[in-house]
Amino acid sequence: MKVRILIVDDHEILRMGLRIALTRVENFEVVAEAGSKSEAIAQTKALQPEVIVMDVRLPDGTGIEACREILADYPNSKVIMLTSYADEEAVIASLLAGAKGFIMKEMGSTALCQAIKTVVVGGEIIDAKLTNRISEKMKSLIAKTPGEPLTERETEILELIAQGKSNKEIAETLYLGYSTVRNYVSNILHKLGYGNRSQLTAYALERKYHEHWTNLK
10 MKVRILIVDD HEILRMGLRI ALTRVENFEV VAEAGSKSEA IAQTKALQPE VIVMDVRLPD
70 GTGIEACREI LADYPNSKVI MLTSYADEEA VIASLLAGAK GFIMKEMGST ALCQAIKTVV
130 VGGEIIDAKL TNRISEKMKS LIAKTPGEPL TERETEILEL IAQGKSNKEI AETLYLGYST
190 VRNYVSNILH KLGYGNRSQL TAYALERKYH EHWTNLK
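Each residue of the sequence shown is one higher than the last, beginning at 10 in the numbering used here.
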């Protein structure tokens, strides 16, 4: 049976290269391409591919947002995030959005083909360098305890951060102003003693998904 694949990237030349590489693999079939978040969602709705190779950065949103929206309606699709940037927060947010893989573009087509084969049979695959680096960082972050207790609202926001939501998405979920959410996040950072959102996201993820992350290693 053919593995039906959707390629999502805003660079046409890269999509063309991926199509050529993937169609050379037995039982792989590239059924469509998309250059934006909206196109990716539309193509998924029309074709329901087994695997979606998704760039993290898209012109009308992020691949992470597209991943979350697609899997909400088509949970059987497997999403592999593809990026040029070793962004720790993007890896974490991708996993929380439901992605089954996170591959650096520099890894090449062979690694991507293997990743597709892995997720099709129910596995997960993350670039080993990223996995080790983030796991070690999480171990140090989780040891922290707040200097003062988080309020009920701050805890609620931390849980939403653990779901990979942006400040804008949190504001919409809680019916709060964007600046209000940003202030809450700043307060949480201060209480936990962190300097940036990437650290906070890792902390939130480790609190909620420690066992799952350990199993990925």
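Beta carbons: idealized from backbone N, C-alpha and C, even for Gly.
The C-alpha of residue 182 lies about 39 Å from the C-alpha of residue 31. Rounded to whole angstroms, residue 42 and residue 202 show a C-alpha spacing of 44 Å.
The secondary-structure analysis by DSSP pairs residue 90 across a beta bridge with 63 and 111. If only complete runs of 4 or more residues are kept, the region 158-203 shows the alpha helix (DSSP H) at 161-170, 176-183 and 187-201, in order along the chain. Here DSSP, grouped into helix, strand and coil, assigns residue 77 to helix. At the C-beta level, residue 167 and residue 179 stay beyond 8 Å of one another. For the pair residue 110 and residue 80, the CB atoms are not nearer than the 8 Å cut-off.
DSSP places residue 34 in no alpha helix (DSSP H); its state is neither H nor E. Around the Cβ of residue 130, a 10 Å sphere holds fewer than 16 other Cβ atoms; the residue is exposed. When 161, 44, 205 and 34 are compared, the shortest CA-CA separation from residue 13 is found for 34.
Contact annotation: residue 67 and residue 15 have beta-carbon atoms that are not nearer than 8 Å.
Of all alpha-carbon atoms in 103, 51, 118 and 69, the one lying nearest the alpha-carbon of residue 37 is that of 118. Between residue 70 and residue 54, the beta carbon gap of about 16 Å keeps them out of contact (Cβ cut-off 8 Å). Taking residue 157 as the centre and dropping the five residues before and after it, the same chain places the C-beta of 200 closer than 6 Å to its C-beta, in chain order.
DSSP places residue 130 in the coil class of the three-state scheme, outside both helix and strand.
In the structure shown, residue 72 falls within a helical segment according to DSSP collapsed to helix, strand and coil. The shortest C-alpha to C-alpha distance from residue 82 to any of 98, 52 and 64 is the one to 52. C-alpha of residue 11 to C-alpha of residue 190: approximately 45 Å in a straight line. In terms of CA proximity to residue 87, 59 leads the group 206, 59, 194 and 135. Taking 8 Å as the cut-off, the beta carbon of residue 105 is found closer than this to the beta carbon of residue 171.
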